[in-house]
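Numbering (the UniProt record's numbering), first residue to last: 1 to 363.
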């Protein structure tokens, strides 16, 4: 995995980060040895390189690489470990607010219940938050989003699980529809989305990565407060940079786009980081954020992605600060906690950085 960008070391926030897709390669190799699962490489460095190369195709092949991740994550100890390590990795990367997501239904083959899966992950996150600090000494806050696989029939169970567990766990903040989009719109899971919404669990939906704006519109119709990816909204942007009808509706509702540029390039949703629509959507007024999606599969960290995208897109320091603020403001976690992080950690650091950076205009 690439190392974080060394300068400037500024506090960051992330909203779209899959827990299993960010597992450490050395951890996967150890866990694979325990269950005698054959891996495609024998060293952490070679395994990390294999994941990046294997994921560099299309969305279906990208998702298929999880056959060398998911089998190792079927016990309480394994789930707790990767959750704990994920918090430590985020903190080391100067992330101070994160929302991690995972699909509980993918971790049942060794006999764990859905509740046991969630408990193990939440225990790992809690332990990580107790132990982890950023290089500047700040704690990291990690909240959790439960994913349902849109190609499977369990979305109502996962939504009900999220509602039930949120009653006792304020760190469980969201429900997501994930997985291959085509042929599986949000409408197919309308009941699950309604269960989450009526139960006080915020909703995000993967949409508009391998499909058009109509899938984003469908997600908005069914209560999505954020859109995972949403790259296809660039298709309806007018020549003068005005959002089209779906983008305008997302803007009216204040719906945030959880963009993941490197991942989008890997799955074919964008040709390159420079060609990615993030800056154009940002300058059209849409709330956009920069996310890693799956750190291991993309060979990135939160900060390396943030800085690579900023350089490739010609983002000004002011735009970078705005994107970071958008992530915190669009978070599903406790508003008071998020605003405290924003006003006592993120804004002071970025304001000091901006004071020393020349005022520039974006492309």
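Built from N, CA and C at the ideal position, the CB exists for glycine as well. What you are looking at is a predicted structure, and each value in this text was computed from that prediction instead of being measured.
Inset, instruction - For the beta strand (DSSP E) holding residue 258, just list the boundary residues, first then last. - result: Stepping through the chain shown from its first residue, residue 258 is reached at position 258. Its beta strand (DSSP E) spans residues 256-259.
Legend entry - Contiguous alpha helix (DSSP H) assignments of at least 4 residues, all confined to the stretch 284-339: 295-298, 302-313, 317-329
Inset, instruction - Could you pull the start and end residues of the beta strand (DSSP E) that residue 202 belongs to? - result: Mapped onto the chain shown, residue 202 falls at position 202. Its beta strand (DSSP E) spans residues 202-207.
Inset, instruction - Grab me the residues of residue 143's own chain with a C-beta within less than 6 Å of its C-beta, minus the 5 sequence neighbours each way, in chain order. - result: Working through the chain shown from its first residue, we reach residue 143 at position 143. Answer for residue 143: 99, 171, 173, 333, listed in chain order.
Inset, instruction - Could you please give me the residues that DSSP links to residue 100 through a beta bridge? - result: As a working note, residue 100 is residue 100 in the chain shown. According to DSSP, residue 100 bridges with 17, 144.
Inset, instruction - Count the other C-beta atoms from every protein chain shown that fall within 10 angstroms of the C-beta of residue 339, then say buried if there are 16 or more, exposed otherwise. - result: Locating residue 339 in the chain shown gives position 339, counting from the first residue. Exposed, because fewer than 16 other Cβ atoms sit within 10 Å of the Cβ of residue 339.
Legend entry - Status (buried if at least 16 other CB within 10 Å, exposed otherwise) for residue 7: On the chain shown, residue 7 is found 7 positions in, with the first residue counted as 1. Annotation note: pLDDT 43 at residue 7 (below 50); position unreliable, no value reported.
Legend entry - Contact between the stretch 241-252 and the stretch 184-203 (3+ Cβ pairs under 8 Å): no
Inset, instruction - Might you give, ordered along the chain, the residues of its own chain that have their beta carbon closer than 6 Å to the beta carbon of residue 37, omitting 5 neighbours on each side? - result: By one-based count along the chain shown, residue 37 stands at place 37. Excluding residues within five positions, the ones whose Cβ falls inside 6 Å are 71.
Legend entry - Sequence-distant residues of the same chain with beta carbon closer than 6 Å to residue 342, five excluded per side: By 1-based counting over the chain shown, the position of residue 342 is 342. Excluding sequence neighbours, residue 342 sits near 328.
Inset, instruction - May I have a chain-ordered list of the alpha helix (DSSP H) segments no shorter than 4 residues that lie completely inside the stretch 64-112? - result: 76-92
Legend entry - Inter-residue Cα distance where the pair is residue 209 and residue 229: Residue numbering aside, residue 209 sits at position 209 when the chain shown is read from its first letter. Residue numbering aside, residue 229 sits at position 229 when the chain shown is read from its first letter. Those two C-alpha atoms are separated by around 6 Å.
Inset, instruction - Tell me where the beta strand (DSSP E) around residue 9 begins and ends. - result: As a working mapping, residue 9 is identified with position 9 in the chain shown. It is not in any beta strand (DSSP E) - residue 9 carries neither H nor E in the DSSP assignment.
Legend entry - residue 317 and residue 354 closer than 9 Å at C-beta: Stepping through the chain shown from its first residue, residue 317 is reached at position 317. Stepping through the chain shown from its first residue, residue 354 is reached at position 354. Yes, Cβ-Cβ distance for residue 317 and residue 354 is below 9 Å.
Legend entry - Residue environment, residue 181, which counts as buried when at least 16 other CB atoms sit within 10 Å: Position 181 of the chain shown, counting from 1, holds the residue named residue 181. So residue 181 ends up on the buried side.
Inset, instruction - Locate the alpha helix (DSSP H) running through residue 35, then write down its first and last residues. - result: As a first step, residue 35 is located in the chain shown; it is residue number 35 there, counting from the start. Counting along the chain, the alpha helix (DSSP H) containing residue 35 begins and ends at 25-35.
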